[in-house]
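S.K.: With the UniProt record's numbering, the residue at position 48 of the sequence shown is 48, and numbering never jumps. Each residue gets a CB set at the ideal place from its N, CA and C atoms; glycine is no exception.
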Amino acid sequence: MIAKASAPAKTILFGEHSVVYGEPAIAGAINKRAFITIKDSEDDRTIFRAPDIGFEAELLTREKKYILLKGKPGIIRYILEVLYTLHDHTPIDITLNSQVPIGSGLGSSAAVTVAMLAALYRYHNIRFNKKSLAHDAHMIEQAVQGVASPLDTLVSTYGGLVYLSRNKKVEHFNVNFNVPFVVGYTTKHGNTGKMVKDVKNLKTRNPKIINPVITSMGNLTNYAKQAILKRDFNKIGELMNINHGFLDVIGVNTLELSRMVYNAREAGAIGSKTTGAGGGGSIIALCPGKVEEVAKAIARDDNVLKIRFTRKGVSSRV
Ligand code: PMV
Numbered sequence: 001m002i003a004k005a006s007a008p009a010k011t012i013l014f015g016e017h018s019v020v021y022g023e024p025a026i027a028g029a030i031n032k033r034a035f036i037t038i039k040d041s042e043d044d045r046t047i048f049r050a051p052d053i054g055f056e057a058e059l060l061t062r063e064k065k066y067i068l069l070k071g072k073p074g075i076i077r078y079i080l081e082v083l084y085t086l087h088d089h090t091p092i093d094i095t096l097n098s099q100v101p102i103g104s105g106l107g108s109s110a111a112v113t114v115a116m117l118a119a120l121y122r123y124h125n126i127r128f129n130k131k132s133l134a135h136d137a138h139m140i141e142q143a144v145q146g147v148a149s150p151l152d153t154l155v156s157t158y159g160g161l162v163y164l165s166r167n168k169k170v171e172h173f174n175v176n177f178n179v180p181f182v183v184g185y186t187t188k189h190g191n192t193g194k195m196v197k198d199v200k201n202l203k204t205r206n207p208k209i210i211n212p213v214i215t216s217m218g219n220l221t222n223y224a225k226q227a228i229l230k231r232d233f234n235k236i237g238e239l240m241n242i243n244h245g246f247l248d249v250i251g252v253n254t255l256e257l258s259r260m261v262y263n264a265r266e267a268g269a270i271g272s273k274t275t276g277a278g279g280g281g282s283i284i285a286l287c288p289g290k291v292e293e294v295a296k297a298i299a300r301d302d303n304v305l306k307i308r309f310t311r312k313g314v315s316s317r318v
């Protein structure tokens with residue numbers, strides 16, 4: 001028996017950090033995916049392999065433990081949690097192929113979790129719908145991370161661009177948003193928990209300054225929603241640039257991130273900003289007609305992805 005599934009990674013276009021304080025956010029699935037293949041085991045062991053990142057481990061699913069065979073752990077905790085929660089412990093062979101760098105603020109853990117759940121359900125011939133899958137994936141992320149916003153797993157499951165409103169209502173944009181972006185990721189992985197805490201402390205020390213900024217970030221996201229609906233790319237770009245400024249104010253940008261953001265603009269991007277938690281992680285640049293120029297301007301080693309937003313969510317036709 002072979003079961004396969006894939007799920008997209010995501011980027012946050014607007015509203016990171018302010019969303020923590022109840023402000024709206026906009027995130028979208030991108031055309032870079034995590035692919036999971038599950039096969040019957042050939043030797044009575046459960047093995048997890050991720051050849052792209054040179055990782056291999058034997059999984060002891062009953063104990064929620066693993067024996068490291070090769071590479072650095074990371075994503076393994078999500079795979080183990082899925083198996084511990086939902087698998088009957090039959091030995092299986094799991095392979096992850098990922099088009100997204102792990103831990104770069106592009107929601108790789110959500111993409112892997114969603115793809116793993118969908119592949120496992122198929123392996124066991126269990127019917128599932130997107131609503132229950134998004135819910136299960138969020139539970140897995142929460143179990144592994146302690147806290148997790150439902151946004152990443154929602155986007156990886158449903159695909160498309162998603163608007164999360166002030167009262168946490170999810171709206172799926174019904175608009176063609178097939179415009180090119182470039183993502184640049186830094187050598188440093190951002191630590192989301194730490195960044196959220198740093199912003200909270202800054203806010204506590206300077207409430208009269210930071211509280212209005214958080215509110216403005218929310219207002220900006222609502223303007224962005226209108227601009228996206230009108231496909232007004234110049235406005236979207238302008239708002240991305242303002243948003244980067246706000247992220248600077250709340251202290252989550254780094255020299256490496258801001259250097260990429262400004263290099264992207266110099267090379268012709270109409271908007272660019274840090275995406276996700278910051279402190280490392282990634283930037284996103286809107287650059288219709290200038291993809292190659294922008295990619296070249298921010299490239300260092302192998303740190304650039306040319307992306308588009310996609311409506312394709314989780315899929316077991318891979
Ligand atoms: O690290 P990422 O890309 O998952 O982004 C985190 C976004 C925050 O708003 C900083 C935190 C959150 O849970 O929404």
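Which partner residues does Val304 have in the DSSP bridge list?
M.R.: Paired residues: Gly184.
S.K.: So, is Asn63 buried or exposed, given that buried needs 16 or more other C-beta atoms within 10 angstroms?
M.R.: Looking at the sequence shown, residue 63 is not Asn but Glu. With fewer than 16 other Cβ atoms within 10 Å, it is exposed.
S.K.: If I'm right that Gly237 touches Ile283 with Cβ under 8 Å, what's the distance once you round it to whole angstroms?
M.R.: No, Gly237 and Ile283 are not in contact; Cβ-Cβ is about 14 Å, not under 8 Å.
S.K.: Hey, would you say His17 sits closer than 8 Å to Ile250, going by beta carbons?
M.R.: For His17 and Ile250, yes; Cβs fall inside 8 Å.
S.K.: Any chance the segment 20-29 sits against the segment 147-167, with 3 or more Cβ pairs inside 8 Å?
M.R.: With the cut-off at 8 Å, the segment 20-29 and the segment 147-167 touch.
S.K.: From what residue to what residue does the beta strand (DSSP E) around Asp40 run?
M.R.: Element bounds for Asp40: Ala25 to Asp40.
S.K.: Give me the Cα-Cα distance between Gly193 and Leu68, rounded to the nearest whole angstrom.
M.R.: When rounded, the distance between both Cα atoms is 26 Å.
S.K.: Return the CA-CA distance between Glu56 and Tyr121, expressed in angstroms with no decimal places.
M.R.: Rounded to whole angstroms, Glu56 to Tyr121 spans 23 Å at the Cα level.
S.K.: Do the CB positions of Tyr78 and Ile140 come within less than 8 Å of each other?
M.R.: A contact, by the Cβ cut-off of 8 Å.
S.K.: Should Lys208 be labelled buried (16 or more other beta-carbon atoms within 10 Å of its own) or exposed?
M.R.: Result: exposed.
S.K.: Measuring CA to CA, which of Ile94, Val294 and Gln142 is closest to Pro51?
M.R.: Pro51 has its Cα closest to that of Ile94, out of Ile94, Val294 and Gln142.
S.K.: With Thr274 and Leu247 assumed to form a contact (beta carbons below 8 Å), what rounded beta-carbon distance in angstroms separates them?
M.R.: Confirmed, about 5 Å.
S.K.: So Val291 packs on Thr11, CB below 8 Å; how close in whole Å?
M.R.: In fact, because the Cβ distance is near 15 Å, the residues do not count as touching under 8 Å.
S.K.: Whole angstroms is fine: what's the gap from Lys169's alpha carbon to Thr153's?
M.R.: About 15 Å.
S.K.: Measure from the alpha carbon of Thr61 to the alpha carbon of each residue in Asp44, Glu81, Gly22 and Leu257, then state which is nearest.
M.R.: Ranking the options by Cα distance to Thr61, first place goes to Glu81.
S.K.: I need the boundaries of the alpha helix (DSSP H) containing Arg205, first residue and last residue.
M.R.: Note, Arg205: alpha helix (DSSP H), Thr192 to Arg205.
S.K.: Would you kindly work out how many angstroms separate the C-alpha atoms of Arg166 and Ala25, rounded to a whole number?
M.R.: Going from the Cα of Arg166 to the Cα of Ala25 covers about 8 Å.
S.K.: Do Leu286 and Met240 have their CB atoms nearer than 8 Å?
M.R.: The answer is yes: Cβ separation under 8 Å.
S.K.: Based on Cα-Cα distance, which residue from Lys296, His138 and Tyr185 lies nearest to Val114?
M.R.: Nearest option by C-alpha distance: His138.
S.K.: On the premise that Ser315 lies in contact with Ala9, defined as a C-beta separation below 8 Å, what is that separation, rounded to the nearest angstrom?
M.R.: Not a contact, Cβ separation roughly 14 Å.
S.K.: For Val170, report the span of its beta strand (DSSP E) as first-last.
M.R.: Counting along the chain, the beta strand (DSSP E) containing Val170 begins and ends at Val170 to His172.
S.K.: Assuming Ala119 contacts Ala227 under a Cβ cut-off of 8 Å, what Cβ separation, rounded to an integer in Å, is found between them?
M.R.: About 37 Å; that fails the 8 Å criterion.
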